[in-house]
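**Q**
Protein chains in written order, with this note's numbering: chain A, 1267 to 1617; chain Y, 869 to 1261.
(1) Report the residue from A:1454, A:1543, A:1586 and A:1547 whose alpha carbon sits nearest the alpha carbon of residue 1572 of chain A.
(2) Residue 928 of chain Y touches chain A at which residues, Cβ-Cβ below 9 Å?
(3) Taking 8 Å as the cut-off, decide whether the C-beta atoms of residue 1320 of chain A and residue 1360 of chain A are in contact.
(4) For residue 1297 of chain A, would you say it is in contact with chain Y, using Cβ-to-Cβ distances shorter than 8 Å as the test?
(5) DSSP three-state call for residue 1408 of chain A: helix, strand or coil?
(6) With 16 other CB atoms within 10 Å as the buried threshold, where does residue 1047 of chain Y fall?
(7) Assign residue 1552 of chain A to buried or exposed, taking buried as 16 or more other Cβ atoms, counted over all protein chains shown, within 10 Å of its Cβ.
(8) Just to confirm, are residue 1371 of chain A and residue 1434 of chain A a CB contact at a threshold of 8 Å?
(9) So, helix, strand or coil for residue 1323 of chain A, using DSSP?
(10) Using alpha carbons as the reference points, say which of Y:1166, Y:897 and Y:948 lies closest to residue 1440 of chain A.
(11) Using a beta-carbon distance below 8 Å, is residue 1482 of chain A in contact with chain Y?
(12) So does the stretch 1053-1068 of chain Y actually touch the stretch 1157-1176 of chain Y, counting three or more Cβ pairs closer than 8 Å?
(13) Please list, in chain order, all residues of the same chain as residue 1121 of chain Y whose beta carbon is under 6 Å from its beta carbon, the five residues on each side excluded.
(14) Quick check: what's the CA-CA separation for residue 882 of chain Y versus residue 896 of chain Y?
(15) Please classify residue 1615 of chain A: does DSSP put it in a helix, a strand, or coil?
(16) On the CB-based measure, 16 or more other CB atoms within 10 Å of its CB, does residue 987 of chain Y come out buried or exposed?
(17) Just by C-beta distance, which residues in the stretch 1452-1472 of chain A are closer than 9 Å to chain Y?
(18) Please name the residue, chosen from Y:983, Y:1029 and Y:1002, that lies closest to residue 995 of chain Y on a Cα-to-Cα basis.
(19) Where residue 1595 of chain A and residue 1322 of chain A are concerned, what is the direct C-alpha to C-alpha distance, given to the nearest angstrom?
(20) Which runs of the beta strand (DSSP E), 3 residues or longer, sit entirely within the stretch 1357-1401 of chain A?
(21) Inspect the CB distances between the stretch 1345-1355 of chain A and the stretch 1473-1493 of chain A and report whether three or more fall short of 8 Å.
(22) Helix, strand or coil for residue 932 of chain Y? Go by DSSP, reduced to three states.
(23) Pick from A:1411, A:1471, A:1461 and A:1416: whose alpha carbon is nearest that of residue 1438 of chain A?
(24) For residue 1624 of chain A, return the contacting residues in chain Y, with the cut-off set at a CB-CB distance below 9 Å.
(25) To the nearest angstrom, how far is it from the Cα of residue 1302 of chain Y to the Cα of residue 1498 of chain A?
(26) Does residue 923 of chain Y get closer than 8 Å to chain A when you measure Cβ to Cβ?
(27) Out of Y:1106, Y:953 and Y:923, which one is the CA nearest neighbour of residue 930 of chain Y?
(28) Can you list, in chain order, the residues of its chain whose CB lies under 7 Å from that of residue 1253 of chain Y, leaving out five sequence neighbours each side?
(29) Where do the ends of the alpha helix (DSSP H) carrying residue 889 of chain Y lie?
(30) Please tell me whether residue 1132 of chain Y has its Cβ less than 8 Å away from any Cβ of chain A.
(31) Going along the chain, which residues of its own chain have a beta-carbon closer than 6 Å to the beta-carbon of residue 1549 of chain A, five neighbours each way excluded?
(32) Distance, Cα to Cα, residue 1142 of chain Y vs residue 1215 of chain Y?
(33) Check whether the stretch 1498-1511 of chain A and the stretch 1449-1467 of chain A touch, using three or more Cβ-Cβ pairs below 8 Å as the test.
(34) Taking the alpha-carbon positions, what's the residue 1576 of chain A to residue 1539 of chain A distance?
(35) Looking at C-beta atoms only, is the number of pairs between the stretch 1415-1423 of chain A and the stretch 1484-1495 of chain A that lie closer than 8 Å three or more?
(36) According to DSSP, simplified to helix, strand and coil, what is residue 1491 of chain A?
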């Protein structure tokens, strides 16, 4: 039985090899096979390859000059700073929502920082490894102000635009099933096409993470004509991720992310980090790599967090720059504040 | 003595190396080895990667509930149906798109191809401009054009367009009359097919009698007319048609709604493929020698009959093989409809592998589906090709 399965597979793979059209089988390459950690690959390459969305202002956005900005982008820069002491040693790859996991598991990118929701099935059956959440979000629904729609029940017989390959697609179905509302999903591969279709009236509503809706609203022709409904359909913890079964590399991404949070808790910023050097507090001395071997144990230079904070800053700085008071969105910290301030951000001890 | 046998051995080796038959077999063996090694490499690579990720190859996930909704479906589907059902829905949508696409492409393509021989200046130019324009623009671009430029300019449901009160158009889609149930629709199609076959044989009978006796054949002609009236009556009155009706404040109830996604995809596919078919038809007609045209005209046949009875049947020999590959192109290109949100099988497969993290398995299913569809088209077209070839007796 097994033999026949393999024969079928063999035939199909030959087809794939000739057609060269699947993005999984043809992208194996010598770089991804073998037992060595991705960490070695990245270090010897001298550059980090990071998968981002690139179309969401505030998270990852490419401006006219081709420069990337946003919270997701800065997480990539933080990892690059920890590895190479250079936040610009990153190559960004724009990935759409269906490409992202295959790109990561195929080895095309080293990590994803692409507003990806942490779910159990992605962690287990899809084969991903989620680093700490960098943005706690919830799913919302955007409608036109003049449509008269006030809650989800109003969508009976109406159409909702949604991006494929996202958790929002599933949550929307769950919510509507729970409410018993028959609606029409119009599922787009490309977020830009989905928002264009919403804008010209194909759908009465468009659903996505609230932060994304707010960011996208700013790019619509008349932002004031659109409003977000007062519903939160789901929990959407967004964060960076790496591929399964590579602990060494996963640890680096995980602890750099935790480091950003811990730096804010210590009150270390890109401006005052020099003052903390030579600190009497052993916690801070360990954190900045002046004591102990926290960095070298992980395969990084011992002062990796000093590098990160110098180049990128702490989590609070990143947030304010891209989403908070220094940005056009002016989002409250809310859940994305330190645990000491009533938020959910909490880093385990650096010891 | 020893040196002599050595010589013969060397000679025989040389002889083998110079033998054409040896090399023929050797190349076969080498090719087979290379192919096998390639396959082994790919399987080994896949296995290594799957093991590294901690997943095993298998199709059991197909039985898990899909959990996503699908906008339109030819078969009944609920979000808690399994993945295989969702893929089946995708296939049914692809199927309706491909079948309608092939039928319309044949009509539009042949019309455009024949028009390029028209004596009518406007018709001729129109055909040339259409082919030139459409053949040279990428299909994906045309899809977006139809979806975002053509059909988005249709009015909102509040002030929709209506054609004599039975067909409605708005930016949601097109609403057409449709038989009350799927069984009735199939019954209608069956009646038309049976009627057409019967009519064909009646007409052959009529012609045979006409050729043999130069008169008569009247009963067959009446039979033909009667058959036509009967089929028309069944189709018009027997299918319990549901006519779309406008509701107060915009919108439509009843009838069949062809979503804007479907209509846009169909339009793009049909007009794109038809341009290629038009060129194939033109080439086919041009391949018929000038003498055939002249001979037909000298028999006193009017221009439409020259085309219909003499030139076109001969052109078919040249048209059918490349037409086969255009039909296959249309089938495969239908996967691009996912870009304008039509839930065909590629789109559903995309969501499925993204949700389950099983791209290899899902893509195998996808490849097999397109392969089978294309093989069926080829099978049918080969039969057709055999029928129109010269009969050498």
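Note that beta-carbon positions come from the ideal geometry of N, C-alpha and C, so glycine has one too.
**A** In this structure, then:
(1) As a position in the first chain, residue 1572 of chain A is number 306, starting the count at 1. Residue 1572 of chain A has its Cα closest to that of A:1543, out of A:1454, A:1543, A:1586 and A:1547.
(2) Sequence index remark: in the second chain, residue 928 of chain Y carries index 60 (1-based). Result: empty, since nearest Cβ-Cβ is about 11 Å, beyond 9 Å.
(3) Counted from its first residue, the first chain places residue 1320 of chain A at position 54. Counted from its first residue, the first chain places residue 1360 of chain A at position 94. Yes. Within cutoff.
(4) The sequence position of residue 1297 of chain A within the first chain is 31, counting from 1. Because residue 1297 of chain A sits at a pLDDT of 41, beneath the cut-off of 50, its placement in the model cannot be relied upon, and the point is left open.
(5) For this step, residue 1408 of chain A is matched to residue 142 along the first chain. It is a strand residue.
(6) Within the second chain, residue 1047 of chain Y is the residue found at index 179, counting from 1. Under this definition residue 1047 of chain Y is a buried residue.
(7) The sequence position of residue 1552 of chain A within the first chain is 286, counting from 1. Buried, by the Cβ-count rule.
(8) Counted from its first residue, the first chain places residue 1371 of chain A at position 105. Counted from its first residue, the first chain places residue 1434 of chain A at position 168. Contact: no.
(9) Taking the first residue of the first chain as 1, we reach residue 1323 of chain A at position 57. Three-state DSSP puts residue 1323 of chain A in coil, outside helix and strand.
(10) For the purposes of this step, residue 1440 of chain A is taken as residue 174 along the first chain, with counting starting at 1. Here the closest residue by C-alpha is Y:948.
(11) Residue mapping note: residue 1482 of chain A aligns to position 216 of the first chain, counting from 1. By this cut-off, residue 1482 of chain A is not an interface position.
(12) no
(13) Counting from 1 along the second chain, the entry for residue 1121 of chain Y is found at position 253. Excluding sequence neighbours, residue 1121 of chain Y sits near 1113 and 1115.
(14) Residue 882 of chain Y sits at position 14 when you count from the first residue of the second chain. Residue 896 of chain Y sits at position 28 when you count from the first residue of the second chain. Their Cα atoms are separated by approximately 20 Å.
(15) Within the first chain, the letter at position 349 stands for residue 1615 of chain A. Coil.
(16) Walking along the second chain from the start, residue 987 of chain Y turns up at place 119. With fewer than 16 Cβ atoms within 10 Å of its Cβ, residue 987 of chain Y is classed as exposed.
(17) 1452, 1453, 1454, 1455, 1456, 1459, 1460, 1462, 1463, 1466, 1467 and 1468
(18) In the second chain, counting from the first residue as 1, residue 995 of chain Y sits at position 127. With distances taken between Cα atoms, residue 995 of chain Y lies closest to Y:983.
(19) Stepping through the first chain from its first residue, residue 1595 of chain A is reached at position 329. Stepping through the first chain from its first residue, residue 1322 of chain A is reached at position 56. Their backbone Cα atoms lie some 12 Å apart in a straight line.
(20) 1377-1383 and 1394-1396
(21) no
(22) For this step, residue 932 of chain Y is matched to residue 64 along the second chain. Note: residue 932 of chain Y maps to coil in three-state DSSP.
(23) For this step, residue 1438 of chain A is matched to residue 172 along the first chain. When each option's Cα is compared against that of residue 1438 of chain A, the closest is A:1471.
(24) No information on residue 1624 of chain A is available, as it lies outside the stretch 1267 to 1617 that chain A covers here.
(25) Given that chain Y is displayed from residue 869 to residue 1261, the structure contains no residue 1302 of chain Y and the question cannot be resolved.
(26) The count along the second chain starts at 1 and reaches residue 923 of chain Y at position 55. Yes, residue 923 of chain Y counts as interfacial toward chain A.
(27) By one-based count along the second chain, residue 930 of chain Y stands at place 62. If we check each option's Cα against that of residue 930 of chain Y, Y:953 comes out closest.
(28) Residue numbering aside, residue 1253 of chain Y sits at position 385 when the second chain is read from its first letter. 1188 and 1189.
(29) By 1-based counting over the second chain, the position of residue 889 of chain Y is 21. Looking at the DSSP string, the run of the alpha helix (DSSP H) that includes residue 889 of chain Y is 888-921.
(30) The count along the second chain starts at 1 and reaches residue 1132 of chain Y at position 264. Not an interface residue.
(31) Position 283 of the first chain, counting from 1, holds the residue named residue 1549 of chain A. Same-chain partners within the cutoff: there are none.
(32) Within the second chain, residue 1142 of chain Y is the residue found at index 274, counting from 1. Within the second chain, residue 1215 of chain Y is the residue found at index 347, counting from 1. The alpha-carbon atoms of residue 1142 of chain Y and residue 1215 of chain Y are separated by roughly 24 Å.
(33) no
(34) Numbered from 1 along the first chain, position 310 holds the residue referred to as residue 1576 of chain A. Numbered from 1 along the first chain, position 273 holds the residue referred to as residue 1539 of chain A. Their backbone Cα atoms lie some 7 Å apart in a straight line.
(35) yes
(36) Your numbering for residue 1491 of chain A matches position 225 in the first chain. It is helical.
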